[in-house]
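Protein chains: 2
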Amino acid sequence: MSNGMGKTMKNGNDRRILLAHGSGGRLTRDLVEQVFSKALANPILDRMDDAAILELEGRLAFTADSHVVSPIFFPGGDIGRLSITGTVNDLAMMGARPLYISAGFIIEEGFPVDDLESIVASMGEAAREAGVEVVAGDTKVVERGAADGVFITTSGIGSIPPGIHVSGSGARPGDTVIISGTVGDHGATVLSKREGIDFDTELKSDCAPLGSLVSDMLAASPNLHVLRDPTRGGVAATLNEIAASSGVDIEIDEGKIPYRAEVRAACELLGLDPLVLANEGKLMAFVPAAGAEPVLEAMRKNRYGGAAAIIGSVKEVESSRPRVYARTILGSRRIISMPTGEQLPRIC
Amino acid sequence: MSNGMGKTMKNGNDRRILLAHGSGGRLTRDLVEQVFSKALANPILDRMDDAAILELEGRLAFTADSHVVSPIFFPGGDIGRLSITGTVNDLAMMGARPLYISAGFIIEEGFPVDDLESIVASMGEAAREAGVEVVAGDTKVVERGAADGVFITTSGIGSIPPGIHVSGSGARPGDTVIISGTVGDHGATVLSKREGIDFDTELKSDCAPLGSLVSDMLAASPNLHVLRDPTRGGVAATLNEIAASSGVDIEIDEGKIPYRAEVRAACELLGLDPLVLANEGKLMAFVPAAGAEPVLEAMRKNRYGGAAAIIGSVKEVESSRPRVYARTILGSRRIISMPTGEQLPRIC
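This is how it looks when you write it as structure tokens:
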């Protein structure tokens, strides 16, 4: 029995996913036992029932993220790591402590089993790094050409500590805007890899779980107004969303935004604005001005916030509707609009 | 602003999903507001934060299901209805009251917006029928040819009442095996539709949410040993899983399994064994013999259990490992083995 998958999938050393791995029958069971359970083992998942049983109480955060990144493997991460950090970060942005993850896999027939094993191992590592457990999952296989490799949709549950109220609509005039580190790393990395561009310098995704960073920030000041991770659409989309939800203007100081030199170089080469590039291990915090310094200090001590910087502030709405402005290095001011983004599919 | 999607997607009357609908920018927001929020509106989803906030306590069930059914629309349902009922039923099979759903959409560029609207409307209806709310979601768009239409991964949270302990490993010798209705309806319908076979009689999927059925059964007898919905791999796979997890033999009486005439006809035509066909609105219950009649009676009074029937019982393991047997109409006995299932991809 334990050799079921090996026997059926092996074709020389070239083990491939078959349609029957998604059938609900013997090969599905073998795939679960030999690939998923091995890398993600924990007492809840190991029960293998139709659903995981969790003991929880109080206010919970619940979120979902589908991951379709192309290429599946990129410097600094892969779709597996991303599928954990993406959902962990959505939970953390509500001020929640991320706890449990479910994962639905859609796999293309013929996908290499070795690659799937790498991806699932990477999920296991990211889950340990984030302090979460993958407790439920599902696998479907579609015929060759009906999907592109593998897609992973994760959903997560986190616990929100009493007294914490963070929301995208909480920004208030006078708030200080903080970013946890360099901007555009993930987007620049994936796009460069996709375009086949090699940089001599090390360009890699920032893909990381931010639960501990948020927890340190909340310990420094429980009164955080907004937390958001600038993923798809980048800093530009995130700031525009917050401005609209909160009914405020936001002004950032272009010269204060931290960038890696290699991201700047990639953006110049690819003709991209780094402010619309996805980040997968960064957050933006809106904090009452008085609390900004202690929060910044706490961030810089955390491994995921070493390059944290104050980049702007919140203003009363100036014109007919909320807007985001950048103060340029030359002192002038330009509007940062909501990106239309047609050029950046499958970044996460 | 509110015309954003209409303007950009319209091409005559032929509105199509564009890559930019998955970009995280303006069109993503328009899609969320104009398609998803409209059909699925509820106070939690309407907050539009990175995660939903729920107030819950006690034992929770948590599950995930990816849906890739082909064709997307079939008699009796569509991928939207299926994505709700599939996850609701996984929760119900743990004895949980299904409460909240998250949904991750992966959509192929060029997919008709009208079809997406139908699917999301169908999700909304199924959610109301099941008494659950879709509270979190995500949408990704992949380029033409990188997915087949639309895939939906749902994850669900339910609340398990105190004192309820249902598990796939709970079957005990002497237990009565009950099925909630006719077998094979969903599988036969989807396969017939896919093969382009039209039956004069009405063949349709049984796709339905079973939370209220389980709740009525638990009210009749809280001591249910096992609840399982025989989806992928059908009754054959489900019985084999339960036998293996519980370490028992299971014997069913072939003559007592309820089938619709049109399902029998479809199986004969397509050369299929109805016991390996997926069901999407049926459950199997393993109940101590003394409690079987009250449970059966409660099931028959529920709209989703009208044709419930006792089909077998649990025995001590007879040979070297747990097995499932069918007593045939002629009185002989055959082994029902775990299906390998290569022939039935994308049934759910």
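Each protein sequence line maps, in turn, to chains A and B.
Straight run, no breaks: the first sequence in the working numbering ends on number 963.
Straight run, no breaks: the second sequence in the working numbering ends on number 963.
C-beta: ideal position from N, C-alpha, C; glycine also.
Item: Contact under 9 Å by Cβ, Glu-723 (chain B) with Val-757 (chain B); Value: yes
Item: Cβ contact check for the stretch 823-843 of chain B and the stretch 690-710 of chain B: 3 or more pairs under 8 Å; Value: yes
Item: Local conformation of Asp-868 (chain A) per DSSP, three classes; Value: strand
Item: C-alpha gap between Val-841 (chain A) and Gly-811 (chain A), whole angstroms; Value: 37 Å
Item: Thr-943 (chain B) in three-state terms, based on DSSP; Value: coil
Item: The stretch 863-870 of chain B contacting the stretch 738-747 of chain B, beta-carbon criterion three pairs below 8 Å; Value: no
Item: Alpha carbon of Ser-774 (chain B) to alpha carbon of Met-709 (chain B), nearest angstrom; Value: 9 Å
Item: Exposure label - Gly-920 (chain B); buried when at least 16 CB within 10 Å; Value: buried
Item: Beta-carbon proximity of Ile-767 (chain B) to Ala-676 (chain B), cut-off 9 Å; Value: no
Item: Residue-chain proximity (Tyr-874 (chain A), chain B), Cβ-Cβ < 9 Å; Value: no
Item: Helix, strand or coil at Leu-959 (chain A) according to DSSP, with G and I counted as helix; Value: coil
Item: Residue burial classification, Val-781 (chain A) (beta-carbon count within 10 angstroms, cutoff 16); Value: buried
Item: Ser-617 (chain A) at chain B interface by Cβ criterion, 9 Å; Value: Note on Ser-617 (chain A): pLDDT 34, under 50, position unreliable in the model; no value is reported.
Item: Cβ-based contacts, 8 Å cut-off: residues of the stretch 741-765 of chain B near chain A; Value: Val-750, Ala-751, Gly-752, Asp-753, Thr-754, Lys-755, Val-756, Val-757, Glu-758, Gly-760, Ala-761, Ala-762 and Asp-763
Item: Contained beta strand (DSSP E) runs [length at least 3] in the stretch 820-883 of chain A, N- to C-terminal order; Value: 841-843 and 864-868
Item: Closer than 7 Å at the beta carbon, the chain A residues around Gly-848 (chain B); Value: Ser-638, Gly-639 and Gly-640
Item: Closer than 9 Å at the beta carbon, the chain B residues around Ser-820 (chain A); Value: Within chain B, no residue comes near Ser-820 (chain A); the closest Cβ sits about 16 Å away, beyond 9 Å.
Item: Test: Cys-882 (chain A) CB closer than 9 Å to a CB of chain B; Value: no
Item: Close beta carbons around Gly-927 (chain B), own chain, < 7 Å, minus the five adjacent residues each side; Value: Val-792, Ile-865, Glu-866, Ile-867 and Asp-868
Item: Cβ neighbours of Ala-786 (chain A) in the same chain (closer than 6 Å, five flanking residues each side left out); Value: His-840, Val-841, Ile-857, Ser-861, Val-863, Phe-901 and Val-929
Item: Coil, strand or helix - Asn-618 (chain B) by DSSP; Value: With a pLDDT of only 33 at Asn-618 (chain B), under the threshold of 50, the placement of this residue in the model should not be trusted; the figure read from the coordinates follows. Coil, per DSSP.
Item: Own chain residues within Cβ distance below 6 Å of Ile-872 (chain B), not counting five before or after; Value: Val-798 and Ile-926
Item: Under the three-state DSSP convention, the category Gly-691 (chain B) falls into; Value: coil
Item: For Gly-764 (chain B) and Val-683 (chain B), the rounded distance between their alpha carbons; Value: 9 Å
Item: Short-range partners of chain B found in the stretch 712-723 of chain A, where Cβ spacing is below 7 Å; Value: Tyr-715, Ser-717, Ala-718, Gly-719, Phe-720 and Ile-721
Item: Bounding residues of the alpha helix (DSSP H) (the contiguous stretch that carries Ile-734 (chain B)); Value: 728-745
Item: Runs of beta strand (DSSP E) wholly within the stretch 753-783 of chain B (minimum 3 residues, chain order); Value: 765-775
Item: Within-9 Å CB hit, Met-708 (chain A) to chain B; Value: yes
Item: Beta carbon of Asp-753 (chain A) nearer than 9 Å to that of Ala-718 (chain A); Value: yes
Item: Within chain A, partners of Val-683 (chain B) - CB distance below 9 Å; Value: Gly-637, Ile-721, Lys-755, Val-756, Val-757, Ala-761 and Ala-762
Item: Cβ of Ser-782 (chain B) within 9 Å of any chain A Cβ; Value: yes
Item: Partner residues on chain A for Gly-673 (chain B), Cβ-Cβ distance less than 9 Å; Value: Glu-670, Leu-671 and Glu-672
Item: Separation of Arg-674 (chain B) from His-801 (chain B), as counted between CA atoms; Value: 32 Å
Item: Check whether Ala-859 (chain B) and Ser-952 (chain B) have beta carbons under 9 Å apart; Value: no
Item: Exposure label - Gly-621 (chain A); buried when at least 16 CB within 10 Å; Value: The predicted model places Gly-621 (chain A) with a pLDDT of 39, which falls under 50 and marks its position as unreliable, so this point remains unresolved.
Item: Test: Gly-725 (chain B) CB closer than 9 Å to a CB of chain A; Value: no
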